[in-house]
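In terms of the working numbering, the sequence shown is numbered consecutively and its last residue is 293.
We put the beta carbon where it would ideally sit given N, CA and C, even for glycine.
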Amino acid sequence: MKAVVTGGASGIGAAVTEALLGRGATVAVLDLVPERAPRGAPAIACDVSDDASVRSAVAEATASLGGLDVLVNNAGIGAQGTVEENDDDEWHSVLDVNLLGVVRVSRAALPHLRASDRAAIVNTCSAAALVGVPDRALYSATKGAVLSLTLAMAADHLRDGIRVNCVSPGTADTPWIDRLLATAPDPAAERAALVARQPTGKLVSPEEVAAAIVYLASPSAGSCTGVNLTVDGGILGVRLRSPRS
Ligand SMILES: NC(=O)c1ccc[n+]([C@@H]2O[C@H](COP(=O)([O-])OP(=O)(O)OC[C@H]3O[C@@H](n4cnc5c(N)ncnc54)[C@H](O)[C@@H]3O)[C@@H](O)[C@H]2O)c1
49 MKAVVTGGAS GIGAAVTEAL LGRGATVAVL DLVPERAPRG APAIACDVSD DASVRSAVAE
109 ATASLGGLDV LVNNAGIGAQ GTVEENDDDE WHSVLDVNLL GVVRVSRAAL PHLRASDRAA
169 IVNTCSAAAL VGVPDRALYS ATKGAVLSLT LAMAADHLRD GIRVNCVSPG TADTPWIDRL
229 LATAPDPAAE RAALVARQPT GKLVSPEEVA AAIVYLASPS AGSCTGVNLT VDGGILGVRL
289 RSPRS
């Protein structure tokens, strides 16, 4: 299997890269900070918010891999605030990465994926696409759009032989969350509150999300297209009477 993972140098993307490498895949990482990518995967500098950068990185990756079977659109950035609190520039810049980044990389990758007999795209969405979370208006809207785009692409490219699915993580224990906690007045209390929100009593691990992405990317998910697989510690599907009862 030949795979490209965007945002593959950190957190969930790095775990996906490691998991794919562990299954014998060849993987190219496209990331703003390629030098942090896991060993064993050629890493190419790419800004998914810049079409020229994406086209050149996808061309380099597919040439180095000798084709493409799997695209994991995982690069993403966060935003905090209500609908009153993010200005137009921030809306444009976060949409540019989280939504248009998926569009640009998919557009550049599709001609290569059409040539594969086991082609799949997996987008990293978010539980925030499916449930209201305070202070995440912009971020949630970008991920809601990723979910809708996933379904539309699954329909458009079914007859090209390309499956398109997404995975929606809950709060996952990655450097992203570490950065978020660092901005809280009491990071330890904030982490405890995030953990307490999880019915499972623990944050989601990047490896758990990666396992779901690798499944949807693999031929064993050959009947899955237009699927959104949540990996969220139960926050969407489970109601407990009190924490962990
Ligand atoms: N951590 C969570 O709780 C969580 C929950 C739900 C969804 N997600 C989603 O998972 C994905 C990965 O998040 P993570 O927690 O691993 O974050 P992370 O910050 O650890 O990793 C994100 C990676 O994306 C790269 N990136 C950012 N902007 C880019 C750009 N413009 N072009 C190319 N690369 C870029 C970064 O350099 C980094 O390597 C994101 O799409 C995020 O929205 C994360």
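By the DSSP assignment, the beta strand (DSSP E) with residue i in it spans what residues?
{"i": "N122", "result": "Where N122 is concerned, there is no enclosing beta strand (DSSP E), given that its DSSP letter is neither H nor E."}
{"i": "L78", "result": "T74 to D79"}
{"i": "L277", "result": "N276 to V279"}
{"i": "A91", "result": "A91 to A93"}
In this structure, how does DSSP classify residue i when only helix, strand and coil are distinguished?
{"i": "I60", "result": "helix"}
{"i": "N146", "result": "helix"}
{"i": "G192", "result": "helix"}
{"i": "I283", "result": "coil"}
{"i": "L197", "result": "helix"}
{"i": "R289", "result": "coil"}
{"i": "P267", "result": "helix"}
{"i": "A176", "result": "helix"}
{"i": "A232", "result": "coil"}
{"i": "P159", "result": "helix"}
{"i": "A203", "result": "helix"}
{"i": "L116", "result": "coil"}
{"i": "T65", "result": "helix"}
{"i": "R227", "result": "helix"}
{"i": "A258", "result": "helix"}
{"i": "R87", "result": "coil"}
{"i": "R166", "result": "coil"}
Is the beta carbon of residue i less than 7 Å from the beta carbon of residue j?
{"i": "V150", "j": "V194", "result": "yes"}
{"i": "N146", "j": "T54", "result": "no"}
{"i": "A85", "j": "G56", "result": "yes"}
{"i": "M49", "j": "V120", "result": "no"}
{"i": "V142", "j": "L80", "result": "no"}
{"i": "N213", "j": "V153", "result": "no"}
{"i": "A175", "j": "G218", "result": "yes"}
{"i": "A63", "j": "V77", "result": "no"}
{"i": "G88", "j": "L69", "result": "yes"}
{"i": "P267", "j": "G59", "result": "no"}
{"i": "V279", "j": "V243", "result": "no"}
{"i": "D183", "j": "Q128", "result": "yes"}
{"i": "L288", "j": "L178", "result": "no"}
{"i": "L113", "j": "T65", "result": "no"}
{"i": "A168", "j": "A265", "result": "yes"}
{"i": "D144", "j": "S196", "result": "no"}
{"i": "L277", "j": "V215", "result": "yes"}
{"i": "T231", "j": "G281", "result": "no"}
{"i": "A100", "j": "V52", "result": "no"}
{"i": "A220", "j": "P254", "result": "yes"}
Looking only at DSSP bridge pairs, what is residue i linked to?
{"i": "A220", "result": "V252"}
{"i": "N171", "result": "N121 and C214"}
{"i": "T54", "result": "L78"}
{"i": "R184", "result": "G129"}
Hey, quick one: how far does the alpha helix (DSSP H) through residue i stretch, first residue to last?
{"i": "E108", "result": "D99 to L113"}
{"i": "E238", "result": "P235 to R245"}
Count Cβ pairs between the segment 153 to 167 and the segment 130 to 145 that sit closer than 8 Å; are there 3 or more?
no
Looking at C-beta atoms only, is the number of pairs between the segment 227 to 234 and the segment 256 to 264 that lie closer than 8 Å three or more?
Too few Cβ pairs lie closer than 8 Å, so no.
Looking at C-beta atoms only, is the number of pairs between the segment 195 to 213 and the segment 269 to 284 that lie closer than 8 Å three or more?
Counting C-beta pairs with one atom in each stretch, the segment 195 to 213 and the segment 269 to 284 have three or more that are closer than 8 Å, which means they touch.
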